[in-house]
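Enquirer: In the working numbering, the protein residues as written are 1 to 1061.
Backbone N, C-alpha and C fix where the C-beta goes; we use that ideal spot for every residue, glycine too.
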């Protein structure tokens, strides 16, 4: 029978205006390290750094909070970038040889990155009849000369072209062909061999008319642009990799493919030089890999720096990623764990200075950025205030904690500082300090917690634009792992050669996959937290300001309850270390609860006021009293056919085959189920449809058939016993007159269990409750008729507001809940939201209406832009199609919905985490979080300015490309947000102010966080098998694909430039 819903006669204009004041969708900033970096640039005058990526993104960083992002129209790799010093302009070269000029421009006091011009050289070699110029082959190297007004382009064919940068047009008559250079070379050197591609172009710091050209064959030429002749020629015979011109111009350094470098003197006369002054292979005599890049930096003390990448012995250390720093007799081989992209030194570039005096060395790697202080003995690493690698170990889960108390914040920061103390002699700080952050200080502190594969939990300052690392918690020290950690890449002994020194924190290898963190929960008022892992381990930890040595209590909870017929075939439990163990300052474990069987923990929640922790796996859920160190409850949720739940997430091959087989059987069965389905299988579904159709409704409202038919789920589906959510609440369960502590659990098969808890109450003024045992009695057991997995559970008070968090009401940190009116429990399943015991109008069937399934939900407070005292609590929901829907509470009426994540991005949807104030995070790559905002008022976005010294002339404006909508993601994820602009082209001032308005009082902002709302589980490869059923939701039809391609073609035809805030 067809389902129906009411169609509104017309939208309420007052409500529509209120929606605009409450809700607005913006993708604001990308936290973390850029995915797949490919190019690096640094402006020594403005002190800003640019990173280009293989997806065509350009990201510019200055002081913390100063960020600019741009995206090339074509998804091409950025191979080189060059700043025009002091001008706020950047020239980028893509792998298709196109050049793009970017500018940092100011609108209404705030700076933005825009693409001003682009240049695409002719693709085929030959003569251009119109201009008479040789068509460019592939551009291999770019050099900015004459203060950035001109660019020299070296090509694969050996020619050097010159480009006018302000207009990005080729300069006729100045092209330098290889034949002209060969005229200055002796006949015996030519011998019929080509010079090869131009490998390097270097400019003279004090004489811009001279250019040093290096060809692949090994020939070096100092070319005078004014005289159009070669001043000096150096006849090298080894294949060239890179060049560096010493500051005074009297010394050249070349590096080669055989792992050697050579020093040439430029003051030895006019005759061609055949032999270098010095030629050495640092890691010889055995064959070595190429030295890809080399730098020479001189110092007043006379001990110059030679810094180069590569050159390692091919047989012994050919797989190492190293940068070597040589000064006088000191050689340090910096050993990194990922590929080296590029590096630069921060040094003096003023022509009047005689020496470079390098201050810092910045190395861009494929997975992180490392900065070393070259002025401090030992050359220590400088902690990065941003760009920290989120994925130093793979992220497996995440959670957000809002409104962190100042005292707890200071204690976490202090614990983090004790983990990595800086040497007292280090006077250097972060060297990339350009620009000014115009954003106001955040009104509240926000923590982002990430759980990792190696058993660590990292704490991040998510209050502003820069995601700053605060503290790292490691749980591996509590267990005896399969392979004891031996850092073979650590500090080498003095007599070892090469003198390796491990640098950086990216470490993708885990000692034991069972250490992986699956769920985290933190109580911000008691500084207690729970960390749950892959092998069923649940740790209760407490923050301590001092190091200690103590034993950890261990308890086991059998979730199978001696049920017969089930045998665990998965991994073994982790063995805890016995006896007192040393713990550094920070979060220290107090209790270890081991679930049996040791399956991955799928849900966890903490109630510090009652000293209770609840946890669930694929077998059941348990309740543990960590004050008395005793279990309270264990309940098995397995169905008799749940054999897949007994194999564990790490037994991959057998379960994958079985899962695929079951999925194909389910698909085949569903195709013929319409003919062969028994009448009793659909009787309940038909009965519900009939009841819905017979509901009384106003006669003047039109009925429209819009609901989809939902297939009933089988009760014996695999993994039906998985516990999806757990929730504590002080509410009415036994009767309507007496309220008390309760615990709620929801499973994958649509079952909801509600337990009444007898928790001894603490005496007046006391923090801890009496030592009597906690009792749990099953109050209700509900089976959802549609059997959809229960994603989240929350209880609303008499005013329809979520219950406050533990200690919020008792410490007057939030408004006390209304205990006079009737409470309602909100049950969010994958298909619908439901408020039992209330009228049928407070049910919204999302799958029936929208054809999608719920993946994440959260209760969030949305504050109004127009009125500081007005706020609404709403339900935010992310679907499997990547859309975000917002519903009113408790009415469950749809308010707004936005397209947020690509539906094909399964890992991005799985990693999404909402905040309590209408923002959210999700992974757009293994190393980057995209931050978005659903609130019109609570927005965290870059607001910054840059002091630029170049004149704003009229020639630039005539070549300005037409501005396009903002492409909100650098990794190419669709989601175009039109930047609000006033008539003169500046951003709407009202839009900018929204980021800095103060929050409403704490009493207005106290919804209890749902487990699914503030935490995200991203272990797609370890918590279950990805089957055909899981991915078929994300496959679009051919008509939809064609429509998307047409829309994309239209957008590309209109879009020419990018405005990125």
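1. Should residue 435 and residue 944 be called a contact, given that it needs their Cβ atoms to be closer than 9 Å?
2. Who are the Cβ neighbours of residue 17 in its own chain at under 8 Å, not counting the five residues just before and after it?
3. Name, in chain order, the residues that DSSP records as bridge partners for residue 558.
4. Return the Cβ separation of residue 279 and residue 260 in integer angstroms, given the expectation that the two are a contact with Cβ distance under 8 Å.
5. Which term fits residue 556, buried or exposed, when burial requires 16 or more other beta carbons within 10 angstroms of its beta carbon?
6. Please work out which residues of its chain come closer than 6 Å, Cβ to Cβ, to residue 328, disregarding the five sequence neighbours upstream and downstream, and give them in chain order.
7. Pull the bridge partners of residue 82 from the DSSP assignment, please.
8. Among 592, 894, 544, which one has its Cα closest to the Cα of residue 577?
9. Compute the distance between the beta-carbons of residue 72 and residue 928, then report whether it is under 9 Å.
10. Helix, strand or coil, according to DSSP, for residue 625 in the structure here?
11. Flag this pair as yes or no: are the beta carbons of residue 202 and residue 264 separated by less than 9 Å?
12. Please list, in chain order, all residues of the same chain as residue 537 whose beta carbon is under 7 Å from its beta carbon, the five residues on each side excluded.
13. So the candidates are 400, 510, 480; which of them puts its Cα closest to the Cα of residue 460?
14. Could you give the DSSP three-state label for residue 1013: helix, strand or coil?
15. Which residues in the same chain have their Cβ closer than 7 Å to the Cβ of residue 618, if we skip the five residues on either side of it in sequence?
16. How many Å lie between residue 814 and residue 620 at the Cα?
17. Tell me the rounded alpha-carbon separation between residue 481 and residue 213.
18. Whole beta strand (DSSP E) runs in the region 265-318 with 3 or more residues, listed along the chain?
19. Within the same chain, show all residues whose beta-carbon is closer than 8 Å to that of residue 13, passing over the 5 residues directly before and after it, in chain order.
20. Looking at the strands, I want to know which residues DSSP matches up with residue 161.
21. For residue 799, is the classification buried or exposed, using 16 other Cβ atoms within 10 angstroms of its Cβ as the cut-off for buried?
22. Please classify residue 610 as buried or exposed, where buried requires at least 16 other C-beta atoms within 10 Å of its C-beta.
23. Whose CA, out of 774, 750, 884, lies closest to the CA of residue 831?
24. Any idea which residues DSSP pairs residue 897 with across the strands?
25. Using 10 angstroms around the beta-carbon of residue 286, count the other beta-carbons present and answer buried if the total reaches 16, otherwise exposed.
26. Return the residue from the list 566, 475, 167, 369 that minimises the CA-CA distance to residue 39.
27. So, with DSSP's three-state summary, where would you put residue 845?
28. Determine the direct distance from the alpha carbon of residue 453 to that of residue 812, and round the result to whole angstroms.
29. What span of residues does the alpha helix (DSSP H) with residue 189 cover, start to end?
30. Indicate whether residue 946 and residue 776 have their beta-carbon atoms separated by less than 9 Å.
31. In the structure shown, what three-state DSSP assignment does residue 19 receive?
32. Between the alpha carbons of residue 25 and residue 901, how many angstroms are there, rounded?
33. Which two residues bound the contiguous beta strand (DSSP E) that contains residue 413?
34. Where residue 231 and residue 206 are concerned, what is the direct C-alpha to C-alpha distance, given to the nearest angstrom?
35. For residue 137, which option in 164, 395, 96, 211 has the closest C-alpha, if you only look at C-alpha atoms?
36. Compare the C-alpha of residue 846 against each of 788, 869, 807, 819 and name the closest.
Expert: In short:
1. If you number the chain shown from 1, residue 435 lands on position 435. If you number the chain shown from 1, residue 944 lands on position 944. Their beta carbons are under 9 Å apart, which means residue 435 touches residue 944 by this criterion.
2. Counting from 1 along the chain shown, the entry for residue 17 is found at position 17. Result list for residue 17: empty, nothing under 8 Å.
3. Mapped onto the chain shown, residue 558 falls at position 558. For residue 558, which the question treats as bridged, DSSP gives the partners 596.
4. Sequence index remark: in the chain shown, residue 279 carries index 279 (1-based). Sequence index remark: in the chain shown, residue 260 carries index 260 (1-based). With 8 Å as the limit, residue 279 and residue 260 qualify as a contact, their Cβ atoms being about 6 Å apart.
5. For this step, residue 556 is matched to residue 556 along the chain shown. Classification for residue 556: exposed.
6. Taking the first residue of the chain shown as position 1, residue 328 is located at position 328. Closer than 6 Å at Cβ, skipping near neighbours: 303.
7. On the chain shown, residue 82 is found 82 positions in, with the first residue counted as 1. BP columns for residue 82 point to 91.
8. If you number the chain shown from 1, residue 577 lands on position 577. Nearest option by C-alpha distance: 592.
9. As a working mapping, residue 72 is identified with position 72 in the chain shown. As a working mapping, residue 928 is identified with position 928 in the chain shown. No; because the gap between Cβ atoms is not below 9 Å, this pair is not in contact.
10. Position 625 of the chain shown, counted from the first residue, corresponds to residue 625. Strand, per DSSP.
11. Here residue 202 refers to the residue found at position 202 of the chain shown. Here residue 264 refers to the residue found at position 264 of the chain shown. No, they are not a contact pair.
12. Mapped onto the chain shown, residue 537 falls at position 537. For residue 537, where only same-chain residues beyond five positions count, the Cβ hits under 7 Å are 574, 592, 594.
13. As a working note, residue 460 is residue 460 in the chain shown. The candidate whose alpha carbon is nearest that of residue 460 is 400.
14. Position 1013 of the chain shown, counting from 1, holds the residue named residue 1013. Only weak support is given to the placement of residue 1013: the predicted model assigns it a pLDDT of 47, under 50, and the value that follows is read from those uncertain coordinates. In the structure shown, residue 1013 sits in a helix (DSSP, three-state: H, G or I).
15. If you number the chain shown from 1, residue 618 lands on position 618. Hits under 7 Å: 599, 602, 645, 719, 721, 722.
16. As a first step, residue 814 must be located in the chain shown, where it is residue number 814. As a first step, residue 620 must be located in the chain shown, where it is residue number 620. Cα to Cα, residue 814 sits roughly 33 Å from residue 620.
17. Position 481 of the chain shown, counted from the first residue, corresponds to residue 481. Position 213 of the chain shown, counted from the first residue, corresponds to residue 213. Answer to the nearest angstrom: the Cα atoms are 55 Å apart.
18. 278-280, 291-297, 305-310
19. Counting from one through the chain shown, the residue named residue 13 turns up at place 13. Closer than 8 Å at the Cβ level, and outside the excluded window around residue 13, lies no residue.
20. Residue numbering aside, residue 161 sits at position 161 when the chain shown is read from its first letter. Answer is 153, bridged to residue 161.
21. If you number the chain shown from 1, residue 799 lands on position 799. Exposed, since its Cβ has fewer than 16 Cβ neighbours within 10 Å.
22. Taking the chain shown and counting its residues from 1, one reaches residue 610 at position 610. It is buried - the Cβ of residue 610 has at least 16 other Cβ atoms within 10 Å.
23. Within the chain shown, numbered from 1, the residue matching residue 831 stands at position 831. That would be 750, whose Cα lies nearest to the Cα of residue 831.
24. Position 897 of the chain shown, counted from the first residue, corresponds to residue 897. Answer is 885, bridged to residue 897.
25. The residue given as residue 286 occupies position 286 in the chain shown. Exposed, since its Cβ has fewer than 16 Cβ neighbours within 10 Å.
26. Here residue 39 refers to the residue found at position 39 of the chain shown. Checking every option, the nearest Cα to that of residue 39 belongs to 369.
27. Residue mapping note: residue 845 aligns to position 845 of the chain shown, counting from 1. Residue state, collapsed to three classes: coil.
28. For this step, residue 812 is matched to residue 812 along the chain shown. For this step, residue 453 is matched to residue 453 along the chain shown. In a straight line, the C-alpha of residue 812 is about 38 Å away from that of residue 453.
29. Start at 1 with the first residue of the chain shown, and residue 189 comes out as number 189. Note, residue 189: alpha helix (DSSP H), 187-190.
30. Taking the first residue of the chain shown as 1, we reach residue 946 at position 946. Taking the first residue of the chain shown as 1, we reach residue 776 at position 776. It is not a contact, given that the beta carbons lie outside the stated cut-off.
31. As a first step, residue 19 is located in the chain shown; it is residue number 19 there, counting from the start. Helix.
32. Counting from one through the chain shown, the residue named residue 25 turns up at place 25. Counting from one through the chain shown, the residue named residue 901 turns up at place 901. C-alpha separation (whole angstroms): 12 Å.
33. Locating residue 413 in the chain shown gives position 413, counting from the first residue. Premise fails: residue 413 lies in the alpha helix (DSSP H), 406-419, not in any beta strand (DSSP E).
34. In the chain shown, residue 231 corresponds to position 231, counting from 1. In the chain shown, residue 206 corresponds to position 206, counting from 1. If I take the Cα positions, the gap works out to 16 Å.
35. Sequence index remark: in the chain shown, residue 137 carries index 137 (1-based). When each option's Cα is compared against that of residue 137, the closest is 96.
36. For the purposes of this step, residue 846 is identified with residue 846 of the chain shown, where counting begins at 1. The shortest C-alpha separation from residue 846 is found at 788.
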